[in-house]
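For reference, the structure discussed in these notes is given below.
Numbering (this note's numbering), first residue to last: 6 to 83.
Here it is, written out as structure tokens:
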């Protein structure tokens, strides 16, 4: 069982558009340890796994990571 909370379809569509248009985003999210993170990232793709959705991003140093969509608190175009 997962504690994932599905995100609004409109919000998911905004992430899809950011991926398609290769928009650089400034994200604020909580990582799995509960730490608040802020980073400017390049969204690469949306993924689903075990009924959870993730945004695959590349960030500082081209390091790739997955961010669970319901952990993202805010995003804006950088």
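The C-beta atom is built at its ideal place from N, Cα and C for all residues, glycine as well. Computed from a predicted structure; not experimentally measured.
Note down, in chain order, each residue of its chain lying with its Cβ closer than 8 Å to the Cβ of residue i, except the 5 sequence neighbours on either side.
i	result
residue 69	49, 61, 62 and 63
residue 7	55, 56 and 57
residue 1	With the chain running from 6 to 83 in the structure shown, residue 1 is simply not present.
residue 42	32, 33, 34, 35 and 36
Less than 7 Å between C-beta atoms, sequence neighbours within five positions excluded: which residues of the same chain meet that for residue i?
i	result
residue 44	32, 64 and 65
residue 18	none
residue 75	9, 10 and 12
residue 83	29, 30, 31 and 45
For residue i, tell me which candidate among the options has the shortest Cα-Cα distance.
i	options	result
residue 35	20, 56, 52 and 73	73
residue 21	58, 76 and 67	58
So what does residue i bridge to, in DSSP terms?
i	result
residue 72	60
residue 18	DSSP lists no partner for residue 18.
residue 82	30
residue 44	32
At the level of alpha carbons, what is the spacing between residue i and residue j?
i	j	result
residue 77	residue 53	15 Å
residue 28	residue 67	15 Å
residue 16	residue 24	13 Å
residue 39	residue 71	15 Å
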